[in-house]
Every structure is written in structure tokens, then in C-alpha cells.
Amino acid sequence: MPELPEVETVRLGLQEFLPGQAILSINTDWANSLPIADELIENYLLNAKVESVKRRGKLIIMPLTSKYSLLIHLKMTGQLVYRPNSGKGFGGGHPSDSLIDKLPNKSTRVTIKLSDGILFFNDQRKFGWVKLEKSQGLYRNNAFLSKLGPEPLEDSYTFELFNAAIQRHPNTSIKAAILDQTVLAGVGNIYADESLFAARIHPLTKAGLVSTIKLKRLYKSIREVMSLSISLGGSSDRNYVDAKGNKGSYLKFAKVFRKEGSPCPECGGVIKKIRAAGRGTHICPRCQKLVKPKS
DNA sequence: CACTTGACCTGTCCGC
DNA sequence: TGCGGACAGGTCAAGT
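First residue of the first sequence? That's 936 in the numbering used here, and the numbers climb one at a time after it.
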């Protein structure tokens, strides 16, 4: 499930290779993965060049020379893998059993031919998509982008911003609050569980009942956990790979996610799996006590 | 209006 | 071994 660190890792990989390349063709075998009218593809996608590869929350954004931007959301099982034409990029090669030598595969939904290589959008569960929108006013006009909360890893992201957004949702669980992309951008299930554990907060605690001290810890742990994951190439749970087809290693360092039944690394208690915000949720019941409202 | 649940999909795993 | 059902969880739409 690509979250901010996984999408950022993909972005960093693509940024190395795509800028300056022209889009020669685009094809799909699953129309929902590529909801772009033929006319727009013809006029604003084909022969346009990629200017850069950006990210906002979990969304990849590629401004093109046509004044339109490609938007790509990986959702749950999306992969965005680049294979250079022979002799270009990756110099030094990659393992011979690499994913990129076996593309397209049965999960390939969209194939984009570029001047120097091919970009494959694979998506087992077909939740993700590739869209094309006008670059002008994109962040204001796009329904998702216009509501998206701040980028948590930017220097300008302060505790005051985090706290004010959390306090707007006092009656929802703290886990639902940090998963809410309008509160802050980029947190998904893995980093929600890991950062709540690091801050010693029970995920079902109502957001309005989390003390300021614990909220400060949470603000810090969200940033630390996601920064660490980016440095490790993200989390490869089932599907995730980066732009070169490589897996990330963050989950080796995860303390509670998918660790039910194992001892808590802090107190030795048994990690449990519960349900919170409609998702599988991993906690140490000893380290993360539920705060109940005063009756 | 605030919040929760279901739909979108496919592959894997578990129990019978 | 086969089969049905639960489960995985990002986002939007529908429901409470």
C-alpha cells in the first residue's frame, strides 16, 4: 500500500530518468486505469515531454510541456516501473531476475513508451489510475488536491498546523484523524500504526482526548517514521516496488505493523491486532492505553 | 454536518 | 485437493 514514503521513493527514481523524455505512445487494456479521452491523449499527451516528476501526498504529478500534467495514483497495489531502452539509464545493470525484464505482466494496466525507455503502470487490484489534467490551477481545481492537507515532511510543517487540524476532528479516533488526507497528506495504515505506537497513543482514543504532550510526540513520530522509511526505500508489504523494480526494507524496522503475536520491542508484552478506522490496526496494549472520556 | 461504512478489484490464506 | 469466504486498505460515494 504505497503511502508517502513509497510514493516519494518512486518519484525519486523516476525523476532520475524521465525529465526531457517525450511520450511516444500510451496503451491500456483496462479503461478504468486510464480515464483520459482520446482527444486529450492525442492533443496534450502524445509528443509532449516530461518536465519533472513531483509528488503531493500519495499522488505523483508530472508536468508536461503541453501545459497538461499526468497524475498517477498507485492506491493499494500500484507500481510505476521504468525500463530503459538498452544502453540508457541504470548503467551497471540490475539483477538478471529483475521484475523489469518480465514486463509487461498480467498486472500491467498502462504502458507508456518514452523516447529512451518504457514506463509500466502495474496494478493488481485496478484501484489506481493515470489521469491528465491542465497544469494551470491544478492544485486549486483538482477535487482531491484542493482539499489535501499539508506535506508533513516540509520544514514549514509545524506542530501548530498539525494540532489545529487534529482539533477540527475531536470526536473521531486519532487513527482516523491522521489517516484523513485533509488533515495531513500521505499517512496510510502502516505509518499510522507505527507513529501511534512510537507516541504511545491508543488508536481508538478520540482525537480531542489526546493530550498536548502526546500530540507533540505524534507530530514528531509521524515525521521520523516516514523520513526513516524514505531512507530505506519504503515498505514492501506485498506488491510495492520502486521505479527500478526494487523492494523497500522499512518493514524490517517496523515495531508493530503485522507483528501481532510477537513481543513488544519496548515492554515485552504481546502485540495485538484490533480494528480501528475500518482497518486492521496493530498495537501494544500495554504501551498504548485507551483514554476514555470522563463520564 | 460529522462520522462510518460500502464499493471498487484481485490474489492469498484459512477452515471445512 | 477444492471451494467459499474473509481479508488486505486508498479514496470516493452513500448511508446513518
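Beta carbons are placed, not taken as given, at the ideal position from N, Cα and C, and that holds for glycine.
Which residues share a DSSP beta bridge with residue i?
i, result
"L1067", "L1005"
"F1055", "V1016, T1046"
"S1170", "S1184"
"V1226", "Paired residues: none, contrary to the question."
"N962", "T1046"
"G1203", "According to DSSP, G1203 bridges with nothing at all."
"T1216", "I1209"
For the ligand NAP, is there a heavy atom less than 8 Å away from the beta-carbon of residue i?
i, result
"L969", "Because no ligand of any kind appears in the structure shown, any question about the ligand NAP cannot be addressed here."
Can you tell me which of the options puts its alpha carbon nearest to the alpha carbon of residue i?
i, options, result
"T1000", "S1162, L981, R991", "L981"
"R1193", "K1082, E1129, K1069", "E1129"
"N1106", "E1086, T1093, L1144, L1153", "L1144"
"D1025", "D973, R990, L949, S987", "Rather than Asp, the amino acid found at residue 1025 in this sequence is Phe. The option with the nearest alpha carbon to F1025 is L949."
"F1079", "L1006, L1131, A1133", "L1006"
"D1177", "R990, Y1017, N962", "Y1017"
"A983", "I1218, M1011, P954, F1097", "P954"
"R1152", "A1134, A1142, D1090", "A1134"
"G1121", "S1091, S987, L1083", "L1083"
"E1159", "K1002, G1213, G1180, A1127", "A1127"
"G1270", "E977, S1146, W965", "Since the first and last residues shown for the chain are 936 and 1230, residue 1270 lies out of range."
"T1147", "Q1059, F1097, G1169", "F1097"
"E941", "G1215, P1220, I1209, S1170", "S1170"
"P1085", "P1198, A1212, Y1154, A972", "Y1154"
"E943", "C1219, G1072, P1087", "P1087"
Am I right that residue i and residue j are in contact with their C-beta atoms under 8 Å? What's the rounded C-beta distance?
i, j, result
"I995", "L1015", "7 Å"
"D1172", "L1186", "7 Å"
"I1101", "M936", "Rounded, the Cβ-Cβ distance is 23 Å, inconsistent with contact."
"L1038", "F1055", "5 Å"
"H1137", "K1224", "6 Å"
Give the secondary structure of residue i by DSSP, where H, G and I count as helix, E and B as strand, and everything else as coil.
i, result
"Q1014", "strand"
"R1158", "helix"
"I1113", "helix"
"K1187", "helix"
"S1108", "strand"
"V1122", "coil"
"R1075", "helix"
"L980", "helix"
"V1179", "Checking the sequence shown, residue 1179 turns out to be Lys, not Val. Residue state, collapsed to three classes: coil."
The stretch 956 to 970 / the stretch 1042 to 1056 touching (three or more Cβ pairs under 8 Å): Taking 8 Å as the limit for Cβ pairs, the verdict is that the stretch 1042 to 1056 does touch the stretch 956 to 970.
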